[in-house]
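Student:
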Amino acid sequence: MASRQRASTLPEMVADTPCFDLQPRAFLVAWSGVLTCAFAGWPAPVATLKSRIDAEHADAMDIEAPGSKFPKVTLAALREGRAPLSEMELRALLAAAEECSRSCLASSKAPPMRVSSLAVTLWQCGSHERLLSRHDMALRDAKPGDDTSGPDASQQAYVSEVLAETTDPVAYLPMAQRPGDIRRYREVRSWPGSSLVAFVGGLGLDDALVTFRERVEAAVGPDVYEWMSPAALHCTIRALSPAAPPKEAVIQDERPQARQQQNQRQCELAFCSRDSPPCSHTAVRWHVVLLLFLLPLWSHGFHRTPGDSVVVVVVCGWRRSAAAPTTLWGTASEKRTRGWPLRRAASTDVCMSTGSSNMACVHVGEPSTSHAARASSRLAT
Numbered sequence: 001m002a003s004r005q006r007a008s009t010l011p012e013m014v015a016d017t018p019c020f021d022l023q024p025r026a027f028l029v030a031w032s033g034v035l036t037c038a039f040a041g042w043p044a045p046v047a048t049l050k051s052r053i054d055a056e057h058a059d060a061m062d063i064e065a066p067g068s069k070f071p072k073v074t075l076a077a078l079r080e081g082r083a084p085l086s087e088m089e090l091r092a093l094l095a096a097a098e099e100c101s102r103s104c105l106a107s108s109k110a111p112p113m114r115v116s117s118l119a120v121t122l123w124q125c126g127s128h129e130r131l132l133s134r135h136d137m138a139l140r141d142a143k144p145g146d147d148t149s150g151p152d153a154s155q156q157a158y159v160s161e162v163l164a165e166t167t168d169p170v171a172y173l174p175m176a177q178r179p180g181d182i183r184r185y186r187e188v189r190s191w192p193g194s195s196l197v198a199f200v201g202g203l204g205l206d207d208a209l210v211t212f213r214e215r216v217e218a219a220v221g222p223d224v225y226e227w228m229s230p231a232a233l234h235c236t237i238r239a240l241s242p243a244a245p246p247k248e249a250v251i252q253d254e255r256p257q258a259r260q261q262q263n264q265r266q267c268e269l270a271f272c273s274r275d276s277p278p279c280s281h282t283a284v285r286w287h288v289v290l291l292l293f294l295l296p297l298w299s300h301g302f303h304r305t306p307g308d309s310v311v312v313v314v315v316c317g318w319r320r321s322a323a324a325p326t327t328l329w330g331t332a333s334e335k336r337t338r339g340w341p342l343r344r345a346a347s348t349d350v351c352m353s354t355g356s357s358n359m360a361c362v363h364v365g366e367p368s369t370s371h372a373a374r375a376s377s378r379l380a381t
């Protein structure tokens, strides 16, 4: 059988990519009123790199988001809680963007930005102002035969289509008023994201950004936008997040009152039926005492019938099972399982509350006096 060819790793692919240029095209008022700087399109080296990533690792990553279909840098977003842009504000912003694009981003005034390295980031917020990790990887020098050309016709047409949406302020207003402010970029995620990016700070765009910010604040006021940190400005080449992001972890609240309530709920779920009144640790102890008296009877042939209401047993914590009922004396939300399937405990698993967030469990096993004695000694401790 032929062995499967090993896929190239991301560092290997980046190391095999020549340096490239990004040509600024225009300042853009994007959806939700976000201010960005768009480039002319992905040059050939980046287009090749993106194709390789998708060809070799598409099964391990989510599909590419629209935000990286063309190169751009997110500059600012509306302040938290700020109302959507009005038509008058949108017109003023579009005029400022067009004026600064002509005066600052014309090819004669804004030469191409030379990108010589890329970075794999592990970020907590989309603005990249909070990073868990940043790994910079150098691009190689161009060699004879490399295609280092700029954006092809399809790349340029894509960017032109995006810019054309803003030419009619009235028609574009619903897009500019879509929900979304600075929290979209600065809120800390429950699990980190990962991206392949090119940081653009110090690559020749700084003066144009300062001019654009001054023009925007003159048009709509200084209190409308929150601007990204200059050190965090980046152009996302490809998101590297997995196809199935992990579920949010359930974080235990360590406050005493919350812990007490949590223990009470765990007690109720362990020893009370759904229709029973809330039980206490005293009730739990009585259940244990009753259980100790019943264990000898068990070993002499006592069998629980549907009419009996004596022994209630659960698993220590919640057992994960792929195919099982998802209720156990309470709803899934009460058990804080976040969708993890459960299965009922076996009748030989005996548990008692220890006053903490867990429960002490005893496996009784087959009916016998030795098992009963071992269970009694464990419960007594």
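Sequential numbering from 1 applies to the sequence shown in the numbering used here. Note that CB positions come from ideal geometry on N, CA and C, so glycine has one too.
(1) Is there contact here, the segment 28 to 46 with the segment 85 to 100, by at least three beta-carbon pairs under 8 angstroms?
(2) Mapping the DSSP letters down to three states, classify residue 17 as helix, strand or coil.
(3) What does a CB cutoff of less than 7 angstroms around residue 82 pick up in its chain, not counting 5 residues either side in sequence?
(4) When the Cα of residue 89 is compared with those of 234, 193, 219 and 228, which residue comes out closest?
(5) Enumerate in chain order the residues of its own chain whose CB-to-CB distance from residue 162 is below 6 angstroms, with the five nearest sequence positions on each side excluded.
(6) Measuring straight from C-alpha to C-alpha, what distance separates residue 154 and residue 232?
(7) Taking the Cβ atom as the reference point for each residue, do residue 142 and residue 18 lie within a distance shorter than 8 angstroms?
(8) Report yes or no: do three or more beta-carbon pairs, one from the segment 128 to 147 and one from the segment 184 to 198, lie closer than 8 angstroms?
(9) At which residues does the alpha helix (DSSP H) containing residue 125 begin and terminate?
(10) Since residue 15 contacts residue 140 with CB under 8 angstroms, what's their CB separation in whole angstroms?
(11) Below 8 angstroms between beta carbons: does that hold for residue 70 and residue 45?
(12) Sorted by chain position, which residues of the same chain lie with C-beta nearer than 7 angstroms to residue 39's C-beta, five sequence neighbours on each side aside?
(13) Could you check where the alpha helix (DSSP H) with residue 196 kicks off and where it finishes?
(14) Looking only at its own chain, which residues have a Cβ that is under 8 angstroms from the Cβ of residue 236, when we skip the five neighbours before and after it?
(15) Across which residues does DSSP place residue 77 in a beta bridge pair?
(16) Thinking just about the alpha-carbon of each residue, which of 75, 7, 178 and 36 is nearest to the one in residue 55?
(17) So residue 53 is in the alpha helix (DSSP H); what residue range does that whole segment cover?
(18) Would you kindly work out how many angstroms separate the C-alpha atoms of residue 52 and residue 13, rounded to a whole number?
(19) Once you ignore the five residues that flank residue 383 on each side, which residues in its own chain have a CB closer than 7 angstroms to its CB?
(20) Taking DSSP as the reference, what is the three-state secondary structure of residue 215?
(21) Provide the residue(s) that pair with residue 120 in DSSP beta bridges, ordered along the chain.
(22) For my contact list, residue 184 and residue 77 are in at a C-beta cut-off of 8 angstroms; report their separation, rounded to the angstrom.
(23) Tell me whether residue 9 is buried or exposed, calling it buried when 16 or more other Cβ atoms sit within 10 Å of its Cβ.
(24) Where residue 60 and residue 87 are concerned, what is the direct C-alpha to C-alpha distance, given to the nearest angstrom?
(25) Given residue 201, which residues of its chain have a CB within under 7 angstroms of its CB, disregarding the five upstream and five downstream residues?
(26) Taking all protein chains shown into account, decide if residue 144 is buried (16 or more other Cβ within 10 angstroms of its Cβ) or exposed.
(27) Using 8 angstroms as the threshold, is the C-beta distance between residue 186 and residue 125 below it?
(28) Classify residue 162 as helix, strand or coil using the three-state DSSP reduction.
(29) What number of angstroms, rounded off, separates the C-alpha of residue 118 from the C-alpha of residue 207?
Tutor: On the basis of the supplied data:
(1) yes
(2) coil
(3) 181 and 224
(4) 219
(5) none
(6) 29 angstroms
(7) yes
(8) yes
(9) It is not in any alpha helix (DSSP H) - residue 125 carries neither H nor E in the DSSP assignment.
(10) Sure, about 6 angstroms apart at Cβ, within 8 angstroms.
(11) no
(12) Excluding sequence neighbours, residue 39 sits near 22, 23, 24, 25, 71 and 72.
(13) Taken as a continuous stretch (DSSP letters only), residue 196 belongs to no alpha helix (DSSP H), being part of the beta strand (DSSP E) at 193 to 199.
(14) Same-chain partners within the cutoff: 67, 68, 195, 196 and 197.
(15) 226
(16) 7
(17) 44 to 57
(18) 8 angstroms
(19) There is simply no residue 383 to check, as the chain begins at 1 and stops at 381 in what is shown.
(20) helix
(21) BP columns for residue 120 point to 135 and 196.
(22) With a beta-carbon spacing of about 7 angstroms, residue 184 and residue 77 fall inside the 8 angstroms limit used to define contacts.
(23) exposed
(24) Residue 60 and residue 87 have their C-alpha atoms spaced approximately 43 angstroms apart.
(25) Only 230, 231 and 233 meet the Cβ criterion.
(26) Exposed: under 16 other Cβ atoms inside 10 Å.
(27) yes
(28) helix
(29) C-alpha separation (whole angstroms): 22 angstroms.
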